[in-house]
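Below is one structure, written out as C-alpha cells; the observations come after it.
Residue numbers (our numbering), protein chains in the order written: chain D, 5 to 273; chain W, 5 to 273; chain B, 5 to 273.
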C-alpha cells in the first residue's frame with residue numbers, strides 16, 4: 005500500500021496549496037468544529053443552507069458535504085437542491101447519514117439524498133450505513149450497534165447497490181466501492197469522546213475528494229490523515245477537552261512526509 | 005450528608021457504565037459544548053429538534069433536556085411534543101428556562117412547558133426561576149439579578165406550586181422540591197466566564213436523572229459533580245479559554261471516589 | 005496616536021466595569037466562540053433571533069451585532085426588526101456582511117440592512133466591503149480577494165455613501181468614516197486559521213461601541229485589542245486549536261495598561 009500512502013501525502017500537499025472551498029450543509033452541533041478542522045488542514049470552509057443561496061454557493065465549491073445530524077424538512081430540501089446542482093457540475097458530494105436508522109425522518113432523508121443526487125461517498129458508523137439498506141436496523145441514537153467486521157460483506161453489496169463508495173468507520177475503518185476493499189487502522193479511542201468526530205472525518209474526506217478524483221483513494225487517504233491526527237493528539241492530551249484541541253493542532257502540523265510514514269492501510273479486496 | 009456523597013459516586017459510576025442517551029432540544033450556542041460535556045462524563049448525547057422526529061428520538065432516551073436559550077415558535081412546539089411523549093413514558097424532563105423573565109416569548113414558553121409536560125427538574129439562575137412565578141421580575145438578558153439567598157423561601161413555595169424540583173444555581177446552588185432543601189457549594193468563579201455553564205450544569209443533571217429516580221438527589225449530586233469539575237479545572241487553568249477545556253477534561257477524569265470526597269453538600273431542610 | 009491608545013485602555017476598563025449586554029443575531033458557526041469572547045473580555049452576550057422577541061431583547065442591549073453568516077429569509081426579517089428598534093433608541097449597530105458578494109442572498113441582505121437601519125459600523129474583509137458598492141465584485145466564499153491597500157480609496161468614498169464607519173480587516177485593518185482614516189496593525193497570521201476570527205473582531209467592536217460613542221475610535225480600539233489578543237496568544241500557542249483557546253485567555257488577561265502599550269495605530273487621514 006506504499007502507493008496509497010504516497011497519494012495521501014500528495015493529497016494533503018494539494019489541499020494546503022489549493023485551499024479548496026468546501027461547502028457544508030451540516031448540523032448545528034459540529035459546524036464550528038468542522039469549520040475549524042477544515043481551516044486547520046488547509047481547506048476553506050463555508051456553511052450555507054438557505055434554499056435560495058445553496059445552488060450559487062455550491063458552484064464555487066470543490067466538494068459538498070451533506071450531514072443530516074440536526075435535520076428539519078427545510079434543510080432536507082436545501083440539501084437536495086445543492087446536491088442536484090453539485091451533481092450537474094460533477095462536484096463530489098459526501099453524505100454523512102448521522103442517526104440514520106434511529107428515526108424515520110433521518111433514514112428517509114438519507115435515502116432520498118442518495119436517490120436524487122450523485123453521492124460519491126457515504127461515511128457513517130456500521131448501523132447508520134446498514135440502515136440505508138433495510139429498515140430493521142435500529143440504531144441507539146447516533147451510536148453504532150454493529151461491528152465493522154460484521155459489516156464488511158454487507159457494505160460491499162450495498163456499495164454496489166447504491167453506486168457509491170461507503171466508508172464504515174470505527175476502530176478500524178472500512179472503505180469499499182463494491183469491488184475494492186481497503187481498511188484503515190489509524191485512530192485513537194479518545195476520538196469517541198469528542199462530539200462530531202465522525203462528522204469531522206466526513207469533512208476531511210470532503211477536502212480530500214476536492215483534490216483526488218478517485219473516491220476510494222480520497223476516502224482512504226482522508227481517513228488515514230484524520231486518524232493520524234488522533235494519534236498525534238493523543239501524545240499531547242489524555243482527556244477529551246484537551247484532546248479535541250490537540251486534534252485541531254495536529255491537522256495543522258502534520259506534514260505530508262509524516263502522513264506518508266504514518267498511514268496504516270490494508271488492502272482487503 | 006455522607007449518604008448523598010455516596011449516592012453521587014454511585015450515580016457517576018452508573019452513568020459511565022450505562023452510557024445513557026440524553027436527548028437535548030437546546031440552544032445553538034451551547035449544543036457543541038454540552039454534547040462534549042455529556043460525552044466526557046460518560047453519557048451519550050443526541051440533539052434533535054424536528055417536530056417530525058422528536059417523539060421517536062425521545063423514546064430511546066434516558067432523559068430529555070429542554071433549553072429555551074435561542075427560541076422560536078417552531079422549537080417551542082417541538083419541545084412540547086417531545087415533552088408530552090417523555091411525560092407519558094415517565095422519562096425524566098429537565099427544563100433550563102434561559103432568559104425567562106427577559107422577554108415575554110421566553111417567559112411564556114417556559115411556563116407553557118411546565119404546564120403541558122411533566123417537568124422533573126427546573127434549573128436556572130435566581131431571576132429566571134423567580135420569573136416562573138410572576139411577571140414583575142425582569143432579568144438583564146440571561147444574567148441573574150437576584151441572590152440565591154433571597155430566593156430560598158420563594159423557591160420552596162414555587163417548587164410546591166410547580167410540582168417540580170427547582171435548582172437555583174449561583175455561587176451556592178439551592179435545590180428544593182418544596183420540602184427538602186439542599187445546598188451545594190462546589191464550583192469556581194471562572195465558570196461565570198464560560199458561555200453555557202448553566203446549560204452544561206443542566207445536561208449534567210439530565211445525565212444524573214437518567215440513573216437516579218429521586219430528582220432531588222439526582223440534581224444535588226449532578227451539581228456537585230459539575231461544580232467539582234470546575235474546581236479541578238481551576239487547578240490547571242486560570243483564564244476562561246483553557247478553563248473551559250480543562251472542565252471537559254475534569255468531567256472525564258474525576259473518579260467516583262474523588263467525587264465522594266469532593267462533594268460539598270449542606271442539608272438546609 | 006497616544007490619545008487613541010489611552011482611549012483603548014479606557015474603553016477596555018469600561019467594558020470590564022459595566023459588563024454591557026451585547027445582543028447578537030449571528031451565524032450558527034460562531035455563536036459559541038463569539039459568546040465566549042465577549043464573556044472573556046468582560047461583556048455580557050445574548051443570542052436571540054426570534055422575530056417575536058428581538059425588539060424586546062435589543063431594548064436591554066448596549067449594542068446590536070448583525071452577522072449574516074448562515075442566513076435565511078426569516079433571519080433577515082429578524083435582523084431588520086431588531087435593527088429598526090435599535091435605530092430608534094440610538095443603540096449602536098455593527099454589521100458583519102459575511103460572504104456578501106459571494107451570493108446574491110447575502111449581498112442583498114447586507115444592502116437592505118444598511119438601507120433600512122442605522123448601522124454605525126460595518127466590518128468585513130475587502131471583498132465583502134467592496135461588494136456593498138457594486139455587483140461585479142465576486143468573493144471566493146467568505147475569503148477576501150482584494151488587498152486592504154487597494155481598498156483604501158474605495159473605502160473612504162463608500163463610507164461616505166453608506167454614512168457608516170467601515171472597518172476593512174486583514175493583515176492591516178483600515179478604519180474610515182469617509183474623512184478620518186486609521187490603520188491598525190495588531191494581529192497574527194494564525195488568526196486566519198480559526199473560524200469566525202472576523203466575526204469575533206466584530207463582536208469586540210460591538211462591545212467597544214457600547215462604551216464609546218465615537219464609532220471611529222470604538223472600532224479602532226476594539227480592533228487593536230482583538231489583534232493584541234492574537235499576538236499574546238501566539239506567544240503561548242503555535243497551531244490553530246491551542247491558539248483559539250489562547251485567544252480567549254488573552255481577551256481575559258490583557259489589562260488596560262498592556263493594551264495602552266500594545267496598540268499599533270497609524271493615522272492615515
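All residues carry an ideal CB built from backbone N, CA and C; glycine is no exception.
It should be emphasised that the depicted structure is a prediction, and the values quoted were computed from it without experimental measurement.
- Residue 180 of chain D counts as buried, since at least 16 other C-beta atoms from the protein chains shown sit within 10 angstroms of its C-beta.
- Between the region 187-203 of chain W and the region 240-248 of chain W there are three or more C-beta pairs closer than 8 Å, enough to call the two in contact.
- At a cut-off of 8 Å between beta carbons, residue 213 of chain D makes no contact with chain B.
- Sorting B:241, B:187, B:5, B:54 by C-alpha distance to the C-alpha of residue 74 of chain W places B:54 at the top.
- Of the other Cβ atoms in all chains shown, 16 or more fall within 10 Å of the Cβ of residue 121 of chain D; this residue is therefore buried.
- Chain-ordered, the chain W residues with CB closer than 9 Å to the CB of residue 74 of chain D read 35, 51, 52, 53, 54.
- Residues of chain W with a Cβ closer than 8 Å to the Cβ of residue 107 of chain D are, in chain order, 52, 57, 60, 61.
- For residue 43 of chain W and residue 114 of chain B, the gap between their C-alpha atoms comes out near 39 Å.
- Boundaries for residue 190 of chain B: no beta strand (DSSP E) harbours it, and the DSSP string shows neither H nor E there.
- Counting along the chain, no alpha helix (DSSP H) covers residue 70 of chain B; the unbroken beta strand (DSSP E) around it starts and ends at 67-71.
- Of all alpha-carbon atoms in W:81, W:59, W:134, the one lying nearest the alpha-carbon of residue 107 of chain D is that of W:59.
- Taking CB atoms only, residue 244 of chain W has a neighbour in chain B less than 8 Å away.
- Bridge partners of residue 171 of chain D according to DSSP: D:127, D:179.
- Sequence-ordered contacts of the region 15-36 of chain B with chain D read 31, 32, 33, 34, 35, 36 [C-beta pairs closer than 9 Å].
- In this chain, the beta strand (DSSP E) harbouring residue 271 of chain D covers 269-271.
- Contact note: residue 197 of chain B reaches chain D through 43, 44, 256, using a C-beta cutoff of 7 Å and chain order.
- DSSP, read as helix, strand or coil, puts residue 249 of chain B in helix.
- If the five residues before and after residue 104 of chain B are omitted, its C-beta is found closer than 6 Å to the C-beta atoms of 110, 111, 114, 132, 135, all from its own chain and listed in chain order.
- Taking 8 Å as the cut-off, the Cβ atoms of residue 25 of chain W and residue 48 of chain W count as close.
- Residue contact with chain B for residue 186 of chain D: absent (no Cβ-Cβ distance below 8 Å to any residue of chain B).
- Annotation: Cβ neighbours of residue 250 of chain D in chain B (cutoff 8 Å, chain order): 245, 246.
- Secondary structure within the region 11-51 of chain D: the alpha helix (DSSP H) runs of 4 or more consecutive residues, fully enclosed, are 35-45 (chain order).
- By the Cβ test, the region 180-194 of chain D is in contact with the region 217-236 of chain D, since at least three Cβ pairs between them sit closer than 8 Å.
- At a cut-off of 8 Å, the C-beta of residue 110 of chain B has a neighbouring C-beta in chain D.
- The beta-carbon of residue 77 of chain W is placed no less than 8 Å from the nearest beta-carbon of chain D.
- Setting aside the 5 residues that flank it on each side, residue 90 of chain B is surrounded in the same chain by 62, 68, 97, each with a C-beta closer than 6 Å to its C-beta; the list follows chain order.
- Scanning chain D for C-beta atoms nearer than 8 Å to the C-beta of residue 47 of chain W yields nothing, as the closest lies near 11 Å away.
- Annotated three-state conformation of residue 121 of chain D is coil, per DSSP.
- Inclusion of residue 124 of chain B and residue 137 of chain B in the CB contact set at 8 Å is not warranted, their separation being larger than that value.
- The secondary-structure analysis by DSSP pairs residue 99 of chain B across a beta bridge with B:70, B:126.
- Sixteen is the threshold: when 16 or more other Cβ atoms of the shown chains lie within 10 Å of the Cβ of residue 253 of chain W, as they do, the residue is buried.
- Pairwise C-beta distances place the region 27-37 of chain W in contact with the region 21-38 of chain D, as three or more of them are shorter than 8 Å.
- For the pair residue 50 of chain W and residue 21 of chain D, the Cα-to-Cα distance works out to about 37 Å.
- CA-CA distance, residue 84 of chain W to residue 117 of chain W, rounds to 6 Å.
- Beta bridge pairing from DSSP links residue 107 of chain W with W:104.
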